[in-house]
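Okay, so here's the structure we're looking at.
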Ligand SMILES: Nc1ncnc2c1ncn2[C@@H]1O[C@H](COP(=O)(O)OP(=O)(O)OP(=O)(O)O)[C@@H](O)[C@H]1O
């Protein structure tokens, strides 16, 4: 029995317009999300995240590819599993004059969900004590939580959230993070798209990085990070020039900075310590530099991420290619 909750293989979607010609939004993309994961779907603006999620949910027609959600082929058999999936892909609009309670009650009635669920989901998203206030007085974070509450009404096994932390202040991001963790603890599988690297690193156990419509990396967050560990460390010593000389002579890659050195290619920092210590040069600081998702992301996508500035994917299949794909430990879809 497979534990795959979402399987996407070879997804391709091109948007065509008379004015701008054709634009490859997703170009042979693969994704595997397994049961119980909080899976981050990470990529720069315009890299194809929303298009992928919309294709998966049947909101846009894919040109090519095989997709399955909870074992049902998407989009054809989605109605069979729709009751087990909660998704927020396009920002839901709520009536500002309604309270959260009234909004959810209406949605429960419309969806054939017992109204007793309303209090449960309000509690789950931390809105119970504000449930009888009008939505127009809510902060953006509260509105996002109300959206999540609406998706939770039917007790989904899978929750798909497109950029849930978008526009939130740090406190709102923290609330969203805690909420996702709590859901995961209850056994809900979560796929969350974002271009906020630090958040994905904290929230998710697995990550798939998309760049220009293609998968650039996938695996456990820790494995993706380890795969990009350049074994660098920061070194401070009294005589930096002499330290640099000795380390280079020992075959290490050294980059000089005004008050420290960055030494690469030393899986064991003791080598640095010994090399300098043996020549009577004492190290004052030796700090291994671990990669974070931001540096991996930059490595893979080559895209510094100016917040809020959309970057367009190139117009043809040829310029929508990305250099390499690294597959770190997760099973390939269909393998
Ligand atoms: N309806 C559309 N018509 C034409 N082009 C589109 C359409 N939707 C998306 N695109 C283009 O497809 C590419 C991928 O867009 P998509 O919204 O999937 O990216 P994204 O990774 O979700 O970006 P963001 O992080 O900014 O939301 C972009 O170049 C975008 O301009």
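Numbering (UniProt numbering), first residue to last: 1 to 335. Quick reminder that beta carbons are idealized off the backbone N, C-alpha and C, glycines included.
Query	Result
I need the boundaries of the alpha helix (DSSP H) containing residue 169, first residue and last residue.	Careful: residue 169 lies outside any alpha helix (DSSP H) and carries neither H nor E.
Taking the straight line between their C-alpha atoms, what separation do you get for residue 209 and residue 127?	32 Å
State the DSSP-derived secondary structure class of residue 15, mapped to helix, strand or coil.	strand
For the alpha helix (DSSP H) that residue 108 lies in, which residues bound it at each end?	100 to 111
Which whole-angstrom value is the C-beta distance of residue 54 and residue 70, which I expect to be below 8 Å?	18 Å between Cβ atoms; not a contact.
Note down the Cα distance separating residue 77 from residue 150, rounded to an integer number of angstroms.	23 Å
Return yes when the C-beta of residue 163 is under 8 Å from any heavy atom of ligand 1, and no when it is not.	yes
Residue 33 lies in the beta strand (DSSP E); which residues open and close that run?	21 to 34
Name the DSSP beta bridge partners of residue 52, please?	Partner(s): none; residue 52 has no beta bridge.
Please state the DSSP three-state secondary structure of residue 184.	helix
Beta-carbon separation of residue 42 and residue 7 under 9 Å?	no
Mind listing, in chain order, the continuous beta strand (DSSP E) runs of no fewer than 3 residues lying wholly within the region 214 to 261?	214 to 220, 232 to 237, 253 to 256
Could you tell me whether the region 229 to 237 touches the region 282 to 293, where touching means 3 or more Cβ pairs closer than 8 Å?	yes
Nearest CA to the CA of residue 15: which residue from 205, 40, 51?	51
Using C-beta distances below 7 Å, list every residue in its chain close to residue 243, excluding the 5 sequence neighbours before and after it, in chain order.	235, 237, 261, 276, 281
With 9 Å set as the bound, which would you pick, yes or no: does the beta-carbon of residue 181 sit closer than that to a beta-carbon of chain D?	No chain D appears in the structure shown, which is made up of a single protein chain.
For residue 44, is the classification buried or exposed, using 16 other Cβ atoms within 10 angstroms of its Cβ as the cut-off for buried?	buried
Between residue 23 and ligand 1, is there a pair consisting of the residue's CB and a ligand heavy atom that are separated by less than 8 Å?	yes
Residue 81 and residue 72 look like a contact to me (Cβ under 8 Å); what is the Cβ gap, rounded to whole Å?	5 Å
On the CB-based measure, 16 or more other CB atoms within 10 Å of its CB, does residue 123 come out buried or exposed?	exposed
Is residue 46 a contact residue of ligand 1, with contact defined as CB to any heavy atom under 8 Å?	yes
Determine the extent of the alpha helix (DSSP H) in which residue 79 is found, giving its start and end residues.	78 to 81
Just reading off the beta strand (DSSP E) that residue 194 is part of, what are its end residues?	189 to 194
I need the DSSP call for residue 62, collapsed to helix, strand or coil.	coil
If you pair each beta-carbon of the region 109 to 116 with each one of the region 133 to 144, do three or more pairs fall below 8 Å?	no
Secondary structure at residue 91, three-state DSSP: helix, strand or coil?	coil
Go to residue 120, then tell me how far its alpha helix (DSSP H) extends in each direction, as first and last residue.	117 to 124
Using 10 angstroms around the beta-carbon of residue 313, count the other beta-carbons present and answer buried if the total reaches 16, otherwise exposed.	Unreliable placement is indicated for residue 313, whose pLDDT of 29 sits below 50; the coordinate value is still reported in the next sentence. Buried.
Do residue 297 and ligand 1 come close, with the Cβ less than 8 Å from some heavy atom?	no
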